[in-house]
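Participant: Heads up, the sequence shown is in numbering that gives the first Met the number 0, so the first residue is 0 and it goes up one at a time.
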Amino acid sequence: MAIDPTKTALVLIEFQNDFTTEGGVLHGAVKEVMGKTEMLAKTKEVVGRARSKGVTIMHAPIAFAEGYNEITKHPYGILKGVVDGKAFIKGQWGSAIVDDLAPQAGDIVVEGKRGLDTFA
Numbered sequence: 000m001a002i003d004p005t006k007t008a009l010v011l012i013e014f015q016n017d018f019t020t021e022g023g024v025l026h027g028a029v030k031e032v033m034g035k036t037e038m039l040a041k042t043k044e045v046v047g048r049a050r051s052k053g054v055t056i057m058h059a060p061i062a063f064a065e066g067y068n069e070i071t072k073h074p075y076g077i078l079k080g081v082v083d084g085k086a087f088i089k090g091q092w093g094s095a096i097v098d099d100l101a102p103q104a105g106d107i108v109v110e111g112k113r114g115l116d117t118f119a
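(1) Between the C-alpha atoms of HIS73 and LYS79, what's the straight-line distance to the nearest angstrom?
(2) Could you pull the start and end residues of the alpha helix (DSSP H) that THR20 belongs to?
(3) Taking DSSP as the reference, what is the three-state secondary structure of HIS73?
(4) Looking only at DSSP bridge pairs, what is ALA59 linked to?
(5) Which of helix, strand or coil does DSSP assign to VAL182?
(6) Verify the CB distance criterion: does LYS30 have a CB-CB separation below 7 Å to chain B?
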């Protein structure tokens, strides 16, 4: 199957410090799997190859205002961990895209994502 890079996008979902980086609120929950799979190194390699072919790179971070007024007052599951840990607060280090995958000129950053589903 041939892929036309002018009609292709690579979507990076929630590659943010609170997940990907030591000191991030939720990093402890994913650190082991990230290490075993070499997630960041492999993703960085894929992004580099995609960029070199002209593929559009899209970033889909999740961020909330302080107080988390965008979500229910009684969150559950991962959103409960986000609220309890004060993760992904807009403008703070934890919500920033990890340095290794920082947006570059021509990348698209999807703003306003408040839920776990990037495509909803």
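Using N, Cα and C, we set each Cβ at its ideal position, and we do this for glycine too.
Facilitator: Reading from the atomic positions:
(1) Between the C-alpha atoms of HIS73 and LYS79 there is a straight-line separation of about 8 Å.
(2) Run containing THR20: none; DSSP gives neither H nor E here.
(3) coil
(4) ILE12
(5) There is no way to answer for residue 182, as the model of the chain reaches only from 0 to 119.
(6) Of the protein chains in the structure, only one exists, and it is not chain B.
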